[in-house]
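Each residue of the sequence shown is one higher than the last, beginning at 159 in the working numbering.
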Amino acid sequence: MKLHFKKTGAGKPLIIVHGLFGSSDNWFSIAKELEKNYTLYLVDQRNHGDSPHSEEWNYTVMADDLKELMEDERIHSAYFMGHSMGGKTVMKLAMNYPDLVEKLIVADIAPRFYPLHHQQILEGLNAVPVDQLKSRKEADDILTEYIKIPGIRQFLMKSLGRDDNGKFIWKINLPVITEKIGNVGEELKSDAPFEKPTLFIGGANSDYITEKDKVDIERFFPNSRLVYIKDAGHWLHAEQPAAVIETVKAFLK
């Protein structure tokens, strides 16, 4: 699949992959600092942002999408950074195609299985009648019944766009994501470990990477280290961008 992406900066390629319900826009503030030293590719994963929609949605095809992007851009190897679902995508890429990945950064996710925990969000998104919607405020009012935290609603509303006729649409492929949401929590396994330098960045206030996860991390990524960002939860790049930028810069150097 030909993914939509934004390219900026100069230097060694660094491909950044967003998480569930997100898009390349989530990484703009980080990109402004990193583009001084790297050629950045801010990617919209399939069924998200401005990339195409597909009934096929799992980590194998999402990793293959990144491989195809590299082939199209004639990139032989690159640095990769992925957050949450995007972190699992880049882990899968490193497991399947280790030669394509020079260094790997995984933000607040481990290779283990995660149980369903997005049902309330999906109920809210599906409750919005986009084909009848008159304003963004109307959508926000409906989402408020399901999602009380304004920051989460604001993040989700970034996926509310308009078609060529000016009618509201979800830019995410909501039907497929709703049907196949279990794929997001899939456990990743590999017969061969990824031996190249890998950095796991966790939010100190997040429970996505626990002490128990260190066993799998060290088994599949033996040349890795884990750093926790102080005063940050799962959305560490939004909550503590300066700390994330400095951590990433130090690792890539």
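In this text, a Cβ means the ideal position worked out from N, Cα and C, and glycines have one as well.
Predicted model, so just to flag it, every value in this text is computed and none were measured.
Among D321, Q278, K338, which residue has its Cα nearest to the Cα of I300?
Distances from the CA of I300 to each of D321, Q278, K338 were compared; the closest alpha carbon is that of Q278.
Comparing C-alpha positions only, which one of G361, Q398, D374, A400 sits nearest to G391?
Each of G361, Q398, D374, A400 was checked against the Cα of G391, and the nearest Cα belongs to G361.
Give me the Cα-Cα distance between G240 and R204, rounded to the nearest whole angstrom.
If I take the Cα positions, the gap works out to 14 Å.
From the DSSP secondary-structure annotation, give me the bridge partner or partners of G360.
Paired residues: Y386.
Nonlocal neighbours in the same chain, by C-beta distance under 6 Å from L172, ignoring five residues either side
Once the five neighbours on either side are set aside, the close Cβ partners of L172 are Y196, L198, Y237.
In terms of residues, what are the limits of the alpha helix (DSSP H) holding T218?
Following the DSSP letters along the chain, one finds T218 inside the alpha helix (DSSP H) bounded by residues 217–231.
Look at the alpha carbon of L258 and the alpha carbon of S181, and state the distance between them as a whole number of angstroms.
Going by the C-alpha atoms only, they are around 23 Å apart.
Looking at C-alpha atoms only, which residue of A252, D289, D223 is the closest neighbour of K347?
Checking every option, the nearest Cα to that of K347 belongs to A252.
For R270, which of helix, strand or coil comes out of DSSP?
Residue state, collapsed to three classes: coil.
Using C-beta distances below 6 Å, list every residue in its chain close to N216, excluding the 5 sequence neighbours before and after it, in chain order.
Cβ contact annotation for N216 (same chain, cutoff 6 Å, sequence separation greater than five): N341, in chain order.
Looking only at its own chain, which residues have a Cβ that is under 7 Å from the Cβ of Y255, when we skip the five neighbours before and after it?
Leaving aside the five residues that flank Y255 on each side, the residues in its chain whose CB is nearer than 7 Å to its CB run, in chain order, K225.
Is L274 buried or exposed, if buried means 16 or more other CB atoms sit within 10 Å of its CB?
Classification of L274: exposed, given that the 10 Å Cβ count is below 16.
Is P269 near I339, with beta carbons less than 9 Å apart?
No; because the gap between Cβ atoms is not below 9 Å, this pair is not in contact.
Distance, Cα to Cα, R419 vs V286?
No answer is possible for residue 419: it lies beyond the span of the chain, which begins at 159 and ends at 411.
State the Cα-Cα distance for the pair L262 and F352, rounded to the nearest angstrom.
Answer to the nearest angstrom: the Cα atoms are 10 Å apart.
Answer yes if the segment 307–327 comes into contact with the segment 280–298, meaning at least three C-beta pairs across the two stretches below 8 Å, and no otherwise.
Using a Cβ-Cβ distance cut-off of 8 Å, the segment 280–298 and the segment 307–327 are in contact, since at least three pairs of beta carbons, one from each stretch, lie closer than that value.
Starting from M239 and walking both ways along the beta strand (DSSP E), at which residues does that stretch end?
Looking at the DSSP string, the run of the beta strand (DSSP E) that includes M239 is 236–241.
Name, in chain order, the residues that DSSP records as bridge partners for L172.
Looking at the DSSP assignment, L172 forms a beta bridge with L198, Y237.
How long is the line joining the alpha carbons of L410 and E260, rounded to whole angstroms?
When only Cα atoms are considered, L410 and E260 end up about 10 Å apart.
Option in F179, Y366, K372 with minimal Cα separation from N331:
Distances from the CA of N331 to each of F179, Y366, K372 were compared; the closest alpha carbon is that of F179.
Proximity to L227 [Cα-Cα], best of E214, V201, S242, G207:
Ranked by Cα distance from L227, the options E214, V201, S242, G207 are led by V201.
What does the alpha-carbon distance come out to for the pair E345 and Y272?
Roughly 7 Å separates the two Cα atoms.
For W328, three-class secondary structure by DSSP
Secondary structure of W328 (DSSP, three-state): strand.
Nearest to K316 by CA position, among G207, K164, S293, G282, is which residue?
The option with the nearest alpha carbon to K316 is G207.
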